[in-house]
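A.B. asks:
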């Protein structure tokens, strides 16, 4: 008997690789047999729209009565609401904090969405607490990212090994290996670069993969090569915030005119005012202005 074909493989894989429009196209064309598979398909469909900054689609199409603590689509709708409506963020954070304390959220997608919100808030500890209740490979990958954020490479390696025991060759496990290699630095940066290159050769280039490669090169002080990759990424996704942040970095290292760097910074301020990088930069500007004012007083 032939093994059952995974009709959602391309949907998932393209999402993980950052090919969000392709993931949407694949989801719309996928023929699923069960209602459960239909929900899984829709989770990637709507998450792809959110990743493309099109939050109005999940907000308009997902039933608002679905519980964000127990239904995957309800959790995705709440995440879209968090991204789209800054004034609702505190209330949403309070909700997921309550769910964390009560243990009411048990679905892996619901837990993953809550971890994303905690991460956006800079609360990595609670993101890790949420993820510790989950078991999916994607939640393990998110755990690796959180641990690397707080410079616990040792614990990230342990989590990576758990992923590799489940499926060493999966895209998520390979991405997690590349992240760990980047955090380790030095010779491991080359290993990370080639993992991304293998994915590009196999599945095609995406802005996410190109930015990741550029980050490897920046850490090796190969700024000209990094700039070329970032410009390629910009051609594919002109408004990607990670691309813009990378360009801010390389233009400074390459000594480009200040107006070039400022152009990217202004684009980030206008289009992604609530991105973690933008908020941090804006706060530093305010601190500097305050210091100048105090000094001149």
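Residue numbers (the numbering used here): 188 to 484. We treat Cβ as the ideally placed atom computed from N, Cα and C, and that holds for glycine. Just so we're clear, the structure is a prediction, and the values are computed from it rather than from any experiment.
Taking 7 Å as the cut-off, is the CB of residue 441 close to at least one heavy atom of the ligand PLP?
C.D. replies: You won't find the ligand PLP in this model; it holds no ligand whatsoever.
A.B. asks: Less than 8 Å between the C-beta atoms of residue 360 and residue 369, yes or no?
C.D. replies: For residue 360 and residue 369, no; Cβs fall outside 8 Å.
A.B. asks: At which residues does the alpha helix (DSSP H) containing residue 324 begin and terminate?
C.D. replies: Counting along the chain, the alpha helix (DSSP H) containing residue 324 begins and ends at 324-336.
A.B. asks: Just to check my reading of the structure: residue 255 and residue 261 have Cβ atoms closer than 8 Å, yes? What is that Cβ distance to the nearest angstrom?
C.D. replies: Right, the Cβ-Cβ distance comes to about 4 Å (below 8 Å), so this counts as a contact.
A.B. asks: Going by beta-carbon coordinates alone, are residue 431 and residue 410 separated by less than 8 Å?
C.D. replies: Result no, Cβ atoms of residue 431 and residue 410 do not sit closer than 8 Å.
A.B. asks: Can you find the residues in the same chain that come closer than 7 Å, C-beta to C-beta, to residue 353, ignoring five residues on each side of it along the sequence?
C.D. replies: Taken in chain order, the residues that qualify are 324.
A.B. asks: Suppose you measure from the CA of residue 192 to the CA of residue 362; what does that come to, to the nearest Å?
C.D. replies: If you take the alpha carbons of residue 192 and residue 362, they lie about 23 Å apart.
A.B. asks: For residue 217, does the three-state DSSP call read helix, strand or coil?
C.D. replies: Correct three-state label for residue 217: coil.
A.B. asks: Assign residue 135 to one of three DSSP states: helix, strand, or coil.
C.D. replies: Nothing can be reported for residue 135: it is not among the residues displayed for the chain, which extend from 188 to 484.
A.B. asks: In terms of alpha-carbon separation, which member of 215, 306 and 302 lies closest to residue 463?
C.D. replies: The candidate whose alpha carbon is nearest that of residue 463 is 306.
A.B. asks: Judging by CA-CA distance, which residue of 433, 397, 422 and 212 is the nearest neighbour of residue 416?
C.D. replies: Comparing Cα-Cα distances from residue 416 to each of 433, 397, 422 and 212, the minimum goes to 397.
A.B. asks: With residue 304 and residue 267 assumed to form a contact (beta carbons below 8 Å), what rounded beta-carbon distance in angstroms separates them?
C.D. replies: In fact, because the Cβ distance is near 11 Å, the residues do not count as touching under 8 Å.
A.B. asks: Please classify residue 399 as buried or exposed, where buried requires at least 16 other C-beta atoms within 10 Å of its C-beta.
C.D. replies: The residue in question, residue 399, is buried, as its Cβ has 16 or more Cβ neighbours within 10 Å.
A.B. asks: Taking its Cβ as the centre, do 16 or more other Cβ atoms sit within 10 Å of residue 188, making it buried, or is it exposed?
C.D. replies: Residue placement at residue 188 is poorly supported in this model, since its pLDDT is 44, which falls under 50; the coordinates still yield a value, given next. By the 10 Å Cβ count, residue 188 comes out exposed.
A.B. asks: Check for me: the alpha helix (DSSP H) holding residue 273 runs from which residue to which?
C.D. replies: Premise fails: residue 273 is in no alpha helix (DSSP H) and is neither H nor E.
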